[in-house]
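Residue numbers (my numbering): 1053 to 1346.
For every residue, glycine included, the Cβ atom is placed at its ideal position computed from N, Cα and C.
Each remark here refers to the structure printed beneath this line.
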Ligand SMILES: NC(=O)c1ccc[n+]([C@@H]2O[C@H](COP(=O)([O-])OP(=O)(O)OC[C@H]3O[C@@H](n4cnc5c(N)ncnc54)[C@H](OP(=O)(O)O)[C@@H]3O)[C@@H](O)[C@H]2O)c1
């Protein structure tokens, strides 16, 4: 999801880059990773690869760690030997989720689950290998035009006339992958100080608030564009999500109740953080709607 949007941004900017899929390079293979970096000789590497199946990581922590921890370490070692700068996206799941004010970049990490533990291992490996040449870019609640994500799921339900129950007691910052790509480019363009940055939208909401906004946008687009299905059954466009609690929607991995991240490092580097989550969703919506075929 992030890799595709970063590729689109670099193409639009006319940057010279090489984008590798998992088939091209498996990060768990240290030799292949070293040889890919030394043959491309990049100035900057952005690691968009990760084990992102949060629930599956609970039962497959070793496999998740192989990618998120050792894969990141392999890439960091390769960058250290060639002098490349490494940008390493990470996650809000490195925090315990029990705070009530936004987590600063240097807040104590205490992951509640396997995915967070493996991502934290990756962060630590990257910062240890490249203290002066790495950016750990934590993001959260990602959505975008590519890959499965919450916005696409809600769009499918809205289109089917299904009113989902959506968790209303978890707080976070829905974040568009294209905005994360822009922040990554800004770090490099401005030679920002190495360290940890929080690439999440500003403001905050709950999954339920996020769903409500998606349904509202879908309703106005269906009405405006006179969506064929909705014309056939106009009642369906009236459905709305219903608020439920985390207890009513159990998952194998515990979700953080509070995942709001602070943005101080951007200001210190002279870079604007990502703007309000609702504004981002409105900007992203046409491309996601088109991609989702809704
Ligand atoms: N999605 C979110 O809500 C979210 C939230 C917070 C942080 N993040 C972080 O943001 C970053 C980007 O996430 P995303 O949602 O864009 O991820 P994504 O869509 O799941 O993409 C991850 C990519 O990594 C590839 N990959 C997996 N194992 C690999 C390996 N061993 N070697 C090489 N490539 C491998 C996958 O390939 P295959 O598809 O072929 O397996 C896939 O293309 C990740 O660091 C993630 O931890 C995501």
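Going by Cα to Cα distance, which pick from 1230, 1269, 1149, 1292 is closest to residue 1222?
Position 170 of the chain shown, counted from the first residue, corresponds to residue 1222. Taking only the C-alpha atoms, the option nearest residue 1222 is 1149.
Taking DSSP's pairing of strands, which residues face residue 1254 in a bridge?
Looking up residue 1254 in the chain shown gives position 202. DSSP, once it has assigned bridges, lists 1328 as partnering residue 1254.
Applying the criterion that 16 or more other CB atoms from any shown protein chain within 10 Å of the CB defines a buried residue, is residue 1140 buried or exposed?
To locate residue 1140, count along the chain shown from 1; it is residue 88. With 16 or more other CB atoms across the displayed protein chains lying within 10 angstroms of its CB, residue 1140 is buried.
Using the C-alpha atoms, what's the distance from residue 1146 back to residue 1164?
As a first step, residue 1164 must be located in the chain shown, where it is residue number 112. As a first step, residue 1146 must be located in the chain shown, where it is residue number 94. Inter-residue distance for residue 1164 and residue 1146 is about 8 Å (C-alpha atoms, whole angstroms).
Inter-residue Cα distance where the pair is residue 1254 and residue 1086
Along the chain shown, one-based indexing puts residue 1254 at 202. Along the chain shown, one-based indexing puts residue 1086 at 34. Between residue 1254 and residue 1086, the C-alpha separation is close to 37 Å.
Let me check you understand the geometry: is the CB of residue 1259 closer than 7 Å to at least one non-hydrogen atom of ligand 1?
Numbered from its first residue, the chain shown carries residue 1259 at position 207. Checking the Cβ of residue 1259 against ligand 1 gives no.
Would you call the segment 1230–1241 in contact with the segment 1297–1306, where contact means no fewer than 3 C-beta pairs closer than 8 Å?
No contact exists between the segment 1230–1241 and the segment 1297–1306.
Roughly how far, in whole angstroms, is the beta-carbon of residue 1183 from the beta-carbon of residue 1246, given that I think they are within contact range, below 8 Å?
Here the question's residue 1183 lines up with position 131 in the chain shown. Here the question's residue 1246 lines up with position 194 in the chain shown. About 7 Å separates the two Cβ atoms, so the contact holds.
Contact under 8 Å by Cβ, residue 1099 with residue 1117
Here residue 1099 is taken as the residue at index 47 of the chain shown, counted from 1. Here residue 1117 is taken as the residue at index 65 of the chain shown, counted from 1. Contact flag unset, no.
Measure the C-alpha to C-alpha separation of residue 1061 and residue 1230 and round it to an integer number of angstroms.
Stepping through the chain shown from its first residue, residue 1061 is reached at position 9. Stepping through the chain shown from its first residue, residue 1230 is reached at position 178. Their Cα atoms are separated by approximately 8 Å.
Distance, residue 1119 Cα to residue 1174 Cα
Against the chain shown, residue 1174 aligns to sequence position 122. Against the chain shown, residue 1119 aligns to sequence position 67. Taking the straight line from one Cα to the other gives about 9 Å.
Once the 5 residues before and after residue 1058 are set aside, which same chain residues still bring their CB inside 7 Å of it?
For the purposes of this step, residue 1058 is identified with residue 6 of the chain shown, where counting begins at 1. Only 1098, 1100, 1233, 1236 meet the Cβ criterion.
For residue 1179 versus residue 1142, is the C-beta distance shorter than 8 Å?
In the chain shown, counting from the first residue as 1, residue 1179 sits at position 127. In the chain shown, counting from the first residue as 1, residue 1142 sits at position 90. The Cβ atoms of residue 1179 and residue 1142 do not sit closer than 8 Å to each other.
Could you pull the start and end residues of the beta strand (DSSP E) that residue 1155 belongs to?
Numbered from its first residue, the chain shown carries residue 1155 at position 103. It is not in any beta strand (DSSP E) - residue 1155 carries neither H nor E in the DSSP assignment.
Enclosing beta strand (DSSP E) for residue 1059 [first to last residue]
Here residue 1059 corresponds to residue number 7 of the chain shown, with the count starting at 1. Here residue 1059 belongs to no beta strand (DSSP E); instead the alpha helix (DSSP H) covers 1054–1065.
Just to check my reading of the structure: residue 1265 and residue 1333 have Cβ atoms closer than 8 Å, yes? What is that Cβ distance to the nearest angstrom?
One-based indexing of the chain shown puts residue 1265 at position 213. One-based indexing of the chain shown puts residue 1333 at position 281. Indeed they touch by this definition, with Cβ atoms about 6 Å apart.
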